[in-house]
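Going down the list, the protein sequences come from chains A and B. To convert, note that position 187 of the first sequence is 260 in our numbering; the numbers rise steadily by one, no gaps. To convert, note that position 69 of the second sequence is 142 in our numbering; the numbers rise steadily by one, no gaps.
There are 2 protein chains.
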Amino acid sequence: MRDVVIIGIGETEFGELWDRSLREIGIEAGLKAIQDAGVRGEDVEKMYIGNMSAGKLIDQEHVAPLIADYAGLSHIPSTRIESGGASGGMALSEAYKTVASGMNDIVVVGGAEKMTDVAEEEAKKILSSTADQEWETVFGATFDSLYAMMARYHMDEYGTTREQLAEVAVKNHSNASKNPSAQFPRETSKDFVMGAPPVSDPLGMFDCAPLSDGGAALVLCPAERADEFEGEPIEIVSMGEGGDTMAVHEREDIGTLKATKRAAKMAYERAGITSQDIDFAEVHDNFTITEIMAIEDLGFFEKGEGGPATEEGKTRLNDEISVNTSGGLKAKGRPVGAVGISQAIEAVQQLREDAGDRQVEDPEYGLTHNMGGTGSSAVVHIFRRWS
Amino acid sequence: MRDVVIIGIGETEFGELWDRSLREIGIEAGLKAIQDAGVRGEDVEKMYIGNMSAGKLIDQEHVAPLIADYAGLSHIPSTRIESGGASGGMALSEAYKTVASGMNDIVVVGGAEKMTDVAEEEAKKILSSTADQEWETVFGATFDSLYAMMARYHMDEYGTTREQLAEVAVKNHSNASKNPSAQFPRETSKDFVMGAPPVSDPLGMFDCAPLSDGGAALVLCPAERADEFEGEPIEIVSMGEGGDTMAVHEREDIGTLKATKRAAKMAYERAGITSQDIDFAEVHDNFTITEIMAIEDLGFFEKGEGGPATEEGKTRLNDEISVNTSGGLKAKGRPVGAVGISQAIEAVQQLREDAGDRQVEDPEYGLTHNMGGTGSSAVVHIFRRWS
Numbered sequence: 074m075r076d077v078v079i080i081g082i083g084e085t086e087f088g089e090l091w092d093r094s095l096r097e098i099g100i101e102a103g104l105k106a107i108q109d110a111g112v113r114g115e116d117v118e119k120m121y122i123g124n125m126s127a128g129k130l131i132d133q134e135h136v137a138p139l140i141a142d143y144a145g146l147s148h149i150p151s152t153r154i155e156s157g158g159a160s161g162g163m164a165l166s167e168a169y170k171t172v173a174s175g176m177n178d179i180v181v182v183g184g185a186e187k188m189t190d191v192a193e194e195e196a197k198k199i200l201s202s203t204a205d206q207e208w209e210t211v212f213g214a215t216f217d218s219l220y221a222m223m224a225r226y227h228m229d230e231y232g233t234t235r236e237q238l239a240e241v242a243v244k245n246h247s248n249a250s251k252n253p254s255a256q257f258p259r260e261t262s263k264d265f266v267m268g269a270p271p272v273s274d275p276l277g278m279f280d281c282a283p284l285s286d287g288g289a290a291l292v293l294c295p296a297e298r299a300d301e302f303e304g305e306p307i308e309i310v311s312m313g314e315g316g317d318t319m320a321v322h323e324r325e326d327i328g329t330l331k332a333t334k335r336a337a338k339m340a341y342e343r344a345g346i347t348s349q350d351i352d353f354a355e356v357h358d359n360f361t362i363t364e365i366m367a368i369e370d371l372g373f374f375e376k377g378e379g380g381p382a383t384e385e386g387k388t389r390l391n392d393e394i395s396v397n398t399s400g401g402l403k404a405k406g407r408p409v410g411a412v413g414i415s416q417a418i419e420a421v422q423q424l425r426e427d428a429g430d431r432q433v434e435d436p437e438y439g440l441t442h443n444m445g446g447t448g449s450s451a452v453v454h455i456f457r458r459w460s
Numbered sequence: 074m075r076d077v078v079i080i081g082i083g084e085t086e087f088g089e090l091w092d093r094s095l096r097e098i099g100i101e102a103g104l105k106a107i108q109d110a111g112v113r114g115e116d117v118e119k120m121y122i123g124n125m126s127a128g129k130l131i132d133q134e135h136v137a138p139l140i141a142d143y144a145g146l147s148h149i150p151s152t153r154i155e156s157g158g159a160s161g162g163m164a165l166s167e168a169y170k171t172v173a174s175g176m177n178d179i180v181v182v183g184g185a186e187k188m189t190d191v192a193e194e195e196a197k198k199i200l201s202s203t204a205d206q207e208w209e210t211v212f213g214a215t216f217d218s219l220y221a222m223m224a225r226y227h228m229d230e231y232g233t234t235r236e237q238l239a240e241v242a243v244k245n246h247s248n249a250s251k252n253p254s255a256q257f258p259r260e261t262s263k264d265f266v267m268g269a270p271p272v273s274d275p276l277g278m279f280d281c282a283p284l285s286d287g288g289a290a291l292v293l294c295p296a297e298r299a300d301e302f303e304g305e306p307i308e309i310v311s312m313g314e315g316g317d318t319m320a321v322h323e324r325e326d327i328g329t330l331k332a333t334k335r336a337a338k339m340a341y342e343r344a345g346i347t348s349q350d351i352d353f354a355e356v357h358d359n360f361t362i363t364e365i366m367a368i369e370d371l372g373f374f375e376k377g378e379g380g381p382a383t384e385e386g387k388t389r390l391n392d393e394i395s396v397n398t399s400g401g402l403k404a405k406g407r408p409v410g411a412v413g414i415s416q417a418i419e420a421v422q423q424l425r426e427d428a429g430d431r432q433v434e435d436p437e438y439g440l441t442h443n444m445g446g447t448g449s450s451a452v453v454h455i456f457r458r459w460s
């Protein structure tokens, strides 16, 4: 297997992009990534597109060749990867493998989602269709309420508090305030988060990531060819993937993200490092409780210590481990299929030391954690500067 | 890159499977494949699932971890690949790459679709959503009518006749009559095909593949480990993929499947053979016209000669090249996401010389051709017996 580097990054703004269609969003991100890399369109051999649900959100399946076509690259094979919220991260894994295997050299991997062309309630229903329809949502469980159950369990089992959940949102909004790409680049306060309208007890509106339109893209190539292009190369050191039951009620312990644990173990082993070597991490904070579980299950803190660690500021920028320096899904935004790619962009910006006011000091290893459904799929990537 | 073999195959019946849900279909096919291979569930490291549109057809996204979970393998990472009608073939490509790269050893790749839980007109609309919604189907073009335009063009440009189209259906039904797995294992006649109710002129009902429920699965491993398992190994010699414009009207020549030509070229070059070395082929006959274009664009016949070759019987079993010995999408059935996998199963059965009355004599190389949308994505695989 060859070493693989990211040589280009590009993304659209995240938000309510009513003036742009999915294909335009995809192309904008892709062209920025190609320009950043200094690659020409004709160099690109293969594309992957992470997308959760264009079929339901914009009535269009088969979006991968669509985006390649409208980028002027209709001859290129382009494959859509779908794994709910982990679609972007899983797409990155396939792109990584095709370059590592020697099958392809220059590969573009993008993610895009257009979520605001349907009513908010409809978009939330579609998110819920990544949980188990036959055993969960058909009985009235929503995506929010399934995560609320995990939060309640975590509070009962480990003493996690409502305040600690709120601190996740406060931190991530603080980081987003330093990120010009963020959908919500504004600080907030614990009182404001706790006073927000309830969504599904104990989670309120500020415990939930928003619905966003947006796209993100990367250009990958084998490390041995990185010198040919302009973008400063960042290595994808390793990749790990894991699974878990679709339905939350089938899990022995609903306060643990088993797929995340499995993906992290695989990624650390392949990289030959441990969780303690990671300097910053973008984790899948679709809800505040998810970040708390993730920082435990990724091995940064002992089980049950995620809440206290957050409250004590250990996950703030340049504290023990910098978590969601971009603002995370919560405040950078959540165009679902683009999330895993957007996380990798933050990793590249940090490792290039190009992250401005939110720069992590002297980072060596960065990690991204992307999750689908209520955690039934998860993917972890580890990055470092190529040298 | 390592050599990769298929060591297990399994599929459900294809048809209106109203007693089974998508997850049950997926598991049935997967378990049969695992049993055929003599692999234990705990040996499986990774799954891929080809599926076109479970989101719209059964209101369930994120089907790959769902199927892994209900197979008792919830810990395994499982990725859904979607490329319209080429979803199964594209899933096989990703599975092939992960084994070839050395990333995984034992991989299950399946395809499944549940198409009959919605009304027929709704299912056809969903098929149309793999064409270009913004520029084609929103103006009333249907999947059928887009292919009918290609047929009309091919007739005008090359003199292809209505009778020649009908002969595709007659041949494929004849092959299906020798295939116990076929949805329609019955002979038909040219007069019957030509007298069938019109769908979109010049295509009638018997020029169109049916709507089917069904699943199919393969077990892959590196060739160096094939001896450890029971299933007779068949090598995946090479893989090729190609793209084309989403919208038919953007093509210079709508009688040529450019993505198919590109995919075939890549597959032949990687295998170090030409189209003349192929003994049998499963091609994407979603409509009769598609088979005629495919056998030209795969290089078996000169452009414009596909119709006459079919009429002269050159594509019949054990004639010049045996095309769609399984009965094809037309008569074996079309559970969309499973099609590319089902084609590979036919290749394995033929190369194992296990195809009963439809056995190709002494086959060396087999080819499968799977296509998405109106041909904007295509994937070709080449197989031979492992030795």
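Here a beta-carbon is modelled for each residue, glycine too, at the ideal position from N, C-alpha and C.
Using a C-beta cutoff of 8 Å, does residue 171(A) count as contacting chain B? At least one chain B Cβ lies under 8 Å of residue 171(A).
Is residue 306(A) closer than 8 Å to residue 79(A) when the C-beta atoms are compared? A contact, by the Cβ cut-off of 8 Å.
Given a cut-off of 8 Å, decide if residue 435(B) and residue 298(B) are closer than it, judged by their beta-carbon atoms. With respect to the 8 Å criterion, residue 298(B) and residue 435(B) are not classified as neighbours on the basis of their beta carbons.
At a Cβ threshold of 8 Å, is residue 346(A) touching chain B? False, the Cβ-Cβ gap to chain B never drops below 8 Å.
What are the boundary residues of the beta strand (DSSP E) that residue 152(B) is part of? From DSSP, the beta strand (DSSP E) with residue 152(B) extends over 151–155.
Any C-beta of chain B within less than 8 Å: which residues of the segment 410–442 of chain A qualify? Within the segment 410–442 of chain A, no residue qualifies.
8 Å Cβ cutoff, residue 290(B) in contact with chain A: So, not an interface residue.
Cα-Cα separation between residue 96(A) and residue 444(B), rounded to whole angstroms: Note on geometry: alpha-carbon atoms of residue 96(A) and residue 444(B) lie some 21 Å from one another.
What residue ranges within the segment 282–313 of chain A form continuous beta strand (DSSP E) runs of no fewer than 3 residues, ordered along the chain? The beta strand (DSSP E) runs of length 3 or more contained entirely in the segment 282–313 of chain A are, from start to end of the chain, 287–295.
Tell me, please, whether the CB atom of residue 408(A) is closer than 8 Å to any CB atom in chain B? Not an interface residue.
So which residues on chain B does residue 338(A) lean against when the C-beta distance must stay under 7 Å? None at all; the shortest Cβ gap to chain B is about 11 Å.
Opening and closing residue of the alpha helix (DSSP H) in which residue 245(A) lies: Start and end: 235–249.
For the candidate residues 166(A), 124(A), 448(A), 183(A), whose alpha-carbon lies nearest to that of residue 324(A)? That would be 448(A), whose Cα lies nearest to the Cα of residue 324(A).
Residue 410(B) and residue 32(B) - do their beta-carbons sit closer together than 8 Å? It is not possible to answer for residue 32(B), since the shown part of chain B is limited to 74 through 460.
CB contact check: residue 270(A) to chain B, cutoff 8 Å: Interface residue (Cβ-Cβ distance to chain B less than 8 Å): residue 270(A) is not classified as such.
Residues in the same chain with beta-carbon distance under 7 Å from residue 190(B), minus the five sequence neighbours each way, listed in chain order, please. Contacts found: 130, 131.
Can you check the segment 347–407 of chain B for any beta strand (DSSP E) of at least 3 residues that lies completely inside it and give the ranges in chain order? Every beta strand (DSSP E) stretch that sits fully inside the segment 347–407 of chain B and reaches 3 residues is listed by chain position as 351–355.
Starting from residue 141(A), find everything on chain B with Cβ-Cβ shorter than 8 Å and list it in chain order. Chain B residues near residue 141(A): 316.
Return no unless some Cβ of chain A is closer than 8 Å to the Cβ of residue 103(B). Taking 8 Å as the threshold, the shortest C-beta distance from residue 103(B) to chain A does not fall below it.
Listed from N- to C-terminal order along the chain, which residues in the segment 122–155 of chain B have their beta-carbon within a distance smaller than 7 Å of any beta-carbon of chain A? Answer in chain order: 125, 126, 128, 129, 132, 133, 134, 135, 137, 138, 139, 141, 142, 147, 148, 149, 150, 151, 152, 153, 154, 155.
Shorter than 8 Å from the beta carbon of residue 247(A) to some beta carbon of chain B? So, not an interface residue.
Measure the Cβ-Cβ separation of residue 207(A) and residue 94(B) and say whether it is below 8 Å. Yes, the Cβ-Cβ distance between residue 207(A) and residue 94(B) is below 8 Å.
For the segment 264–273 of chain A and the segment 386–393 of chain A, state whether three or more C-beta atom pairs, one from each stretch, are separated by less than 8 Å. Segment contact: the segment 264–273 of chain A against the segment 386–393 of chain A, fewer than three CB-CB distances shorter than 8 Å; contact not assigned.
Please confirm if the segment 335–353 of chain B is in contact with the segment 309–321 of chain B, defined as three or more CB-CB distances below 8 Å between the two stretches. These segments touch.
Return no unless some Cβ of chain B is closer than 8 Å to the Cβ of residue 203(A). So, interface residue.
Would you verify that the beta carbon of residue 207(A) is, or is not, closer than 8 Å to some beta carbon of chain B? At least one chain B Cβ lies under 8 Å of residue 207(A).
The segment 198–215 of chain B in contact with the segment 237–248 of chain B per 3-pair CB rule at 8 Å: Taking 8 Å as the limit for Cβ pairs, the verdict is that the segment 237–248 of chain B does not touch the segment 198–215 of chain B.
Would you verify that the beta carbon of residue 223(B) is, or is not, closer than 8 Å to some beta carbon of chain A? Not one beta carbon of chain A lies nearer than 8 Å to the beta carbon of residue 223(B).
Burial state of residue 349(A) (16 or more Cβ within 10 Å): Residue burial annotation: residue 349(A) is exposed, with fewer than 16 other C-beta atoms found within 10 angstroms of its C-beta.
For the alpha helix (DSSP H) holding residue 194(A), just list the boundary residues, first then last. For residue 194(A), the enclosing alpha helix (DSSP H) covers residues 193–201.
Which listed residue (108(B), 361(B), 156(B)) has its alpha carbon closest to that of residue 275(B): The shortest C-alpha separation from residue 275(B) is found at 361(B).
From the DSSP output, in three-state form, read off residue 458(A) for me. Here residue 458(A) sits in strand by DSSP.
Between 302(A), 237(A), 398(A), which lies nearest to residue 116(A) when the distance is taken from Cα to Cα? The shortest Cα separation from residue 116(A) among 302(A), 237(A), 398(A) belongs to 302(A).
Nearest CA to the CA of residue 457(A): which residue from 332(A), 441(A), 139(A), 369(A)? Minimum Cα distance to residue 457(A) is reached at 441(A).
Please give the ranges of any beta strand (DSSP E) in the segment 118–145 of chain A, keeping only runs that are unbroken, at least 3 residues long and fully inside the region. Secondary structure in the segment 118–145 of chain A: the beta strand (DSSP E) runs of 3 residues or longer, each lying completely within the stretch, are 119–123 in chain order.
The ligand PLP heavy atoms versus the CB of residue 105(B): any closer than 7 Å? Of the ligands one can find in the structure shown there are none, so the ligand PLP has no counterpart to examine.
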